[in-house]
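**Student:** If you're matching positions, the sequence shown starts at 1 in UniProt numbering and goes up one per residue.
Using N, Cα and C, we set each Cβ at its ideal position, and we do this for glycine too.
Structure incoming, see below.
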Amino acid sequence: MGNHELYNFNREEAKTLIPNIFPWYRRLQLVPGWRFLILDAYDLNVIEKGGGPAVEEGIAYISEHNPNDLRAPRGTIDMSAGLSGLQKRFVPMGGGIKPEQLQWLREELEDAAASGDRAVVLTHLPVRPEATVAPALLWNYDDILQVFRDFAGVVPLVLAGHYHEGGYAWDPESLTHHVTLPSPLNAPEDKPTAHGLVELWDDKIVIRGHGIVPSRDLSLVPPCKL
């Protein structure tokens, strides 16, 4: 789930019209030893079409960090006015993760560690500041990073989007590569190529990029013993 889905659909419409988008956060186990955890980065938000309880909860959440009129029509005011540094993440096009999803993530990583699995995490919003810019960062990114660090080595890769230029950062505390993929909108019209193949090996992850997606050879560190 990303911001453009929520600009155009409410959750019920998205569930009906967009294949495989539901459950909003979930686990896929496609091969032994690896699980894929899909996060709902807009569990908390202020932009869902039609509003509703989730939007009201989102407004209450970021009102504590953003002094601007969060109910103003999109594009009518500067929603980042008065914010600086990482506080600029508290803007309407962002989102956050509720405690229930955070607990689900913790339980998944605990189970993965006990099973000897590794996990690749997929999220629309980046969760590592150095892999993006502040306005494109998950509101409560620090909560997610702490869960990863509590299970160091279990999450070797996070794939994110949202920040159109793309980015990369390494977290030595969680032993995680954070890769933000560039937007297909940045691909030239004469060669609109922006995709890649991810290879999972015992000792490395290889991203074979095509078009504007850079290739990467990412080494893996064995998970820490719990």
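What does the Cβ neighbour count give for residue 35, buried or exposed, with the cut at 16 atoms within 10 Å?
**Tutor:** Residue 35 is buried by the Cβ-count criterion.
**Student:** For residue 178, which beta-bridge partners are listed by DSSP?
**Tutor:** Looking at the DSSP assignment, residue 178 forms a beta bridge with 158 and 169.
**Student:** Are the beta-carbon atoms belonging to residue 41 and residue 125 less than 7 angstroms from one another?
**Tutor:** A contact, by the Cβ cut-off of 7 angstroms.
**Student:** Which runs of the beta strand (DSSP E) spanning at least 3 residues fall entirely within the stretch 90 to 165, listed in chain order?
**Tutor:** You should have 118 to 123 and 157 to 160.
**Student:** Which residues mark the beginning and the end of the beta strand (DSSP E) in which residue 204 is found?
**Tutor:** Its beta strand (DSSP E) spans residues 204 to 211.
**Student:** Consult DSSP for residue 11 and reduce its assignment to one of helix, strand or coil.
**Tutor:** Helix.
**Student:** Tell me residue 38's beta-bridge partners as DSSP assigns them.
**Tutor:** Answer is 26 and 122, bridged to residue 38.
**Student:** Straight-line CA distance for residue 16 to residue 23?
**Tutor:** Their backbone Cα atoms lie some 12 angstroms apart in a straight line.
**Student:** Identify which residue in 200, 39 and 223 has its Cα closest to the Cα of residue 151.
**Tutor:** Closest option to residue 151, Cα to Cα, is 223.
**Student:** Give the C-beta separation of residue 137 and residue 89 to the nearest angstrom, bearing in mind that I take them to be a contact with Cβ-Cβ under 8 angstroms.
**Tutor:** Right, the Cβ-Cβ distance comes to about 4 angstroms (below 8 angstroms), so this counts as a contact.
**Student:** Using C-beta distances below 6 angstroms, list every residue in its chain close to residue 203, excluding the 5 sequence neighbours before and after it, in chain order.
**Tutor:** Hits under 6 angstroms: 220.
**Student:** Rounded to whole angstroms, what's the CA-CA distance from residue 101 to residue 170? Just pull it up for me.
**Tutor:** Each residue's alpha carbon lies about 24 angstroms from the other.
**Student:** Any idea what DSSP makes of residue 55, helix, strand or coil?
**Tutor:** Here residue 55 sits in helix by DSSP.
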